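These protein sequences, in sequence, are chains A and B.
No gaps in the numbering here: position 458 of the first sequence is 457 in numbering that gives the first Met the number 0, and each next residue is one more.
No gaps in the numbering here: position 85 of the second sequence is 84 in numbering that gives the first Met the number 0, and each next residue is one more.
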Amino acid sequence: MSKDRREPNELVERLAQAEAALDALRRGEVDLVVGPDALRVVRLKPLVEENERLAREWRTTFDAVKDAIFVLDADQRILRCNRAAEKLFERPGEELLGKHCWEIVHGTAEPIPECPILRMRQSLQRETMDLSIGDRWFEVEVDPILDAKNRLTGAVNIISDITERKKAEKERAVLHEQLQQAQKLESIGRLAGGVAHDFNNILSVILGYGDILLGKLHQQDPMRDEVREIVTAGRRAEALIRQLLAFSRKQTLQPQVLDLNEQVRNLEKMLRRLIGEDIALDLALAEDLPPVLFDPGQLDQVIINLAVNSRDAMPKGGKLLIETSAVELDKAYAAAHTGASPGEYVLLAVTDTGCGMDKETAEKIFEPFFTTKEKGKGTGLGLSTVYGIVKQSGGNIWVYSEPGKGTTFKIYLPQTEEKQKTREKIVASQEISGGEHILVVEDEESVRNLIKSALTRLGYSVTLAANGGEALLLVEEKGLKPDLVITDVVMPNMGGKELIDRLRRTYPGLGALFMSGYTDNAIVHHGVLDQDTPFIQKPFTLQELGRKVHEVLASKPS
Amino acid sequence: MSDKSTQSPAGRASGAPFYRLRLFVAGDEPNSVQARHVLTRLCEAHLGGRCAIEIVDVCEDFHAAIEHGIYLVPALKVESPPPARTIVGSLSDEAKVLHALGIAGKGVEP
Numbered sequence: 000m001s002k003d004r005r006e007p008n009e010l011v012e013r014l015a016q017a018e019a020a021l022d023a024l025r026r027g028e029v030d031l032v033v034g035p036d037a038l039r040v041v042r043l044k045p046l047v048e049e050n051e052r053l054a055r056e057w058r059t060t061f062d063a064v065k066d067a068i069f070v071l072d073a074d075q076r077i078l079r080c081n082r083a084a085e086k087l088f089e090r091p092g093e094e095l096l097g098k099h100c101w102e103i104v105h106g107t108a109e110p111i112p113e114c115p116i117l118r119m120r121q122s123l124q125r126e127t128m129d130l131s132i133g134d135r136w137f138e139v140e141v142d143p144i145l146d147a148k149n150r151l152t153g154a155v156n157i158i159s160d161i162t163e164r165k166k167a168e169k170e171r172a173v174l175h176e177q178l179q180q181a182q183k184l185e186s187i188g189r190l191a192g193g194v195a196h197d198f199n200n201i202l203s204v205i206l207g208y209g210d211i212l213l214g215k216l217h218q219q220d221p222m223r224d225e226v227r228e229i230v231t232a233g234r235r236a237e238a239l240i241r242q243l244l245a246f247s248r249k250q251t252l253q254p255q256v257l258d259l260n261e262q263v264r265n266l267e268k269m270l271r272r273l274i275g276e277d278i279a280l281d282l283a284l285a286e287d288l289p290p291v292l293f294d295p296g297q298l299d300q301v302i303i304n305l306a307v308n309s310r311d312a313m314p315k316g317g318k319l320l321i322e323t324s325a326v327e328l329d330k331a332y333a334a335a336h337t338g339a340s341p342g343e344y345v346l347l348a349v350t351d352t353g354c355g356m357d358k359e360t361a362e363k364i365f366e367p368f369f370t371t372k373e374k375g376k377g378t379g380l381g382l383s384t385v386y387g388i389v390k391q392s393g394g395n396i397w398v399y400s401e402p403g404k405g406t407t408f409k410i411y412l413p414q415t416e417e418k419q420k421t422r423e424k425i426v427a428s429q430e431i432s433g434g435e436h437i438l439v440v441e442d443e444e445s446v447r448n449l450i451k452s453a454l455t456r457l458g459y460s461v462t463l464a465a466n467g468g469e470a471l472l473l474v475e476e477k478g479l480k481p482d483l484v485i486t487d488v489v490m491p492n493m494g495g496k497e498l499i500d501r502l503r504r505t506y507p508g509l510g511a512l513f514m515s516g517y518t519d520n521a522i523v524h525h526g527v528l529d530q531d532t533p534f535i536q537k538p539f540t541l542q543e544l545g546r547k548v549h550e551v552l553a554s555k556p557s
Numbered sequence: 000m001s002d003k004s005t006q007s008p009a010g011r012a013s014g015a016p017f018y019r020l021r022l023f024v025a026g027d028e029p030n031s032v033q034a035r036h037v038l039t040r041l042c043e044a045h046l047g048g049r050c051a052i053e054i055v056d057v058c059e060d061f062h063a064a065i066e067h068g069i070y071l072v073p074a075l076k077v078e079s080p081p082p083a084r085t086i087v088g089s090l091s092d093e094a095k096v097l098h099a100l101g102i103a104g105k106g107v108e109p
């Protein structure tokens, strides 16, 4: 020991004593501080304990917050951090303290340009930014710490995990997009349906009188070719209108209980011819597939349209896969897909290995007249028809595609518990009139007159009514007793179905044949007539009308 | 009020220093109670009868504290052997107390 240490000077001794006294104070080992008089005696222990308790409480609270928090000084150095911050940045607190926040949060040597603290220095109020770290999203909120003179002395930096919120926002955006898409298709459909309805009536007149004119012209008449051209063009227009109606879900469906597998197998041969030799057709049909309720003709059209679409996407050949399976869609699926409801479905998936498409194309693919094919090669109605048919039948359709990889269409059709009926074969019948009396109820005068003209030519006696009220008057008041009533489904004031129901109160066995360009949901539930209801779709040829009238009359109980 | 207690004078003959200690306490405040216990134990264990302890309760006689320059209580004033020293606190760090008394505690450097 040196001489200096053995004889410490007084100042050093006093400082050492003061330090020891402070140390005792810090440790809470002092009970009293003695003042100049007895009344100034202060009890320190409870104060120290209270201080410790508050410090513990603050720390516990600070650590209980699940968001990462940094308390920063004016230079953005970390003064304090909570446990969530240690966990988020995978470093113990002592390694974080004293570091600049940008080193820890961004791993950079200086603040990033969009740093909210830079903005906060100007605004002196809360600033925020969204930040991605790894595969998670965070919101960074920075609040200033100001002194009494409103000078910035530090900041509180709160980093909250908003990954779930971001995910939900993204899902909402997707749903919103789907909804917008569905609404767009719905409004296009309504427009197309309205146009198609009026066109059908016009076409009925053109085709009807065209047929009548053809019948009247001599076989050698040079005008026959011209008239036939008119009729052929009318037929093409008719086919287009049918597709538009299908898209707008306004066509009349006659659903049956179907085995989807059987339907696909029946089409297999035809599909192979349709897609050509360069494309291999694979069927993967699930066993024991539950039945669905679907119009068989429409289902064929759906499958054929999808196959044609796939074929056109594979000009150099490829593979076409048609799959069926029973699936259950849960609530989560339904929540993520606009228009889908949870339940048991039969899935029909059509996949090709063709050119695929980008997101923008896939969004428009069900719109009528949208086509990626060259001019003249496609009408742009194929997939819109599929969309309309599936939707009208209570199903859903989704497309999944990637450019260069191929496309999958997934159609979910609700399972049915109804039993499959044996399909009766329609026996071809001859259209010979027995002079029966037919009451025609149609609000369009030109169509009404056309039908009268056609039926009269076939040898029937015809009475016309412009609406349901007129028809009721004829039957109930004037005692008209028709063998058959041909009525439009959609008419003002009283629809065809209501009319027939009323007339059958007078004549229970009265024969009825419904006709329509489209059906109205308010009159016929979802545009679907009963499976056995006689129906003829406008526009029709005179032959079709004659055949149908004969069929109904022949099946009528005598 | 002061309590004076003198340990057995037997040790005086041995030539070992005799300790005159004054412990300032604040009634039954926890640190003061602890300081009293610790000091009694240390004296019995290390000093035998070679000490006289005076306990001063500052709550009853704060002037004594002022006279002795004691501002923080509890405090132990070692009046002899010289040099005079004061240890503030509950004396919970026994090694430090022994060191201040000039007695090397177990595992503690002198």
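No residue lacks a Cβ here, since even glycine has one placed at the ideal position from N, Cα and C.
These numbers were taken from a predicted model, which means no experiment stands behind them.
Can you find a CB in chain B that lies within less than 8 angstroms of the CB of residue i?
i, result
"residue 16 of chain A", "yes"
"residue 104 of chain A", "no"
"residue 28 of chain A", "yes"
"residue 141 of chain A", "no"
"residue 10 of chain A", "no"
"residue 73 of chain A", "no"
"residue 31 of chain A", "yes"
"residue 19 of chain A", "yes"
"residue 46 of chain A", "no"
"residue 84 of chain A", "no"
"residue 24 of chain A", "yes"
In this structure, how does DSSP classify residue i when only helix, strand and coil are distinguished?
i, result
"residue 294 of chain A", "coil"
"residue 411 of chain A", "strand"
"residue 60 of chain A", "helix"
"residue 451 of chain A", "helix"
"residue 421 of chain A", "Caution is warranted here: a pLDDT of 45 is assigned to residue 421 of chain A, below 50, making its placement in the model unreliable, and the coordinate value is therefore given only provisionally. Three-state result, residue 421 of chain A: coil."
"residue 40 of chain B", "helix"
"residue 282 of chain A", "strand"
"residue 428 of chain A", "Any reading at residue 428 of chain A must be qualified, since the residue scores a pLDDT of 40, below 50, and its modelled position is unreliable; the value itself is stated next. Correct three-state label for residue 428 of chain A: coil."
"residue 308 of chain A", "helix"
"residue 258 of chain A", "coil"
"residue 80 of chain B", "coil"
"residue 514 of chain A", "strand"
"residue 57 of chain B", "coil"
"residue 214 of chain A", "helix"
Of the residues the options, which one's Cα is nearest the Cα of residue i?
i, options, result
"residue 91 of chain B", "B:25, B:22, B:30, B:102", "B:30"
"residue 82 of chain B", "A:276, A:345, A:12", "A:12"
"residue 300 of chain A", "A:324, A:388, A:213", "A:388"
"residue 407 of chain A", "A:444, A:401, A:350", "A:350"
"residue 359 of chain A", "A:398, A:340, A:109", "A:398"
"residue 484 of chain A", "A:477, A:490, A:503, A:493", "A:503"
"residue 49 of chain A", "A:62, A:489, A:451, A:25", "A:25"
"residue 179 of chain A", "A:393, A:362, A:446, A:400", "A:362"
"residue 191 of chain A", "A:278, A:121, A:303, A:244", "A:244"
"residue 235 of chain A", "A:84, A:539, A:14", "A:539"
"residue 366 of chain A", "A:296, A:310, A:173, A:188", "A:188"
"residue 567 of chain A", "A:412, A:154, A:158, A:217", "Since the first residue of chain A shown is 0 and the last is 557, residue 567 of chain A is not available in this structure."
"residue 43 of chain A", "B:70, B:80, B:62", "B:70"
"residue 16 of chain B", "B:49, B:88, B:55, B:96", "B:49"
"residue 133 of chain A", "A:97, A:87, A:108", "A:87"
Taking 8 angstroms as the CB-CB cut-off, is residue i touching chain A?
i, result
"residue 31 of chain B", "yes"
"residue 96 of chain B", "no"
"residue 101 of chain B", "no"
"residue 17 of chain B", "no"
Please name the residues in the stretch 68 to 86 of chain B whose beta-carbon is closer than 8 angstroms to at least one beta-carbon of chain A, in chain order. 69, 70, 71, 72, 73, 85, 86
Unbroken alpha helix (DSSP H) runs of length 4 or more, entirely within the stretch 311 to 336 of chain A: which are they? 330 to 335
Check distances from the C-beta atoms of the stretch 29 to 55 of chain B to those of chain A and list, in chain order, the residues that come in under 8 angstroms. 29, 30, 31
Unbroken stretches of the beta strand (DSSP E), 3 residues or longer, contained in the stretch 333 to 399 of chain A: 342 to 351
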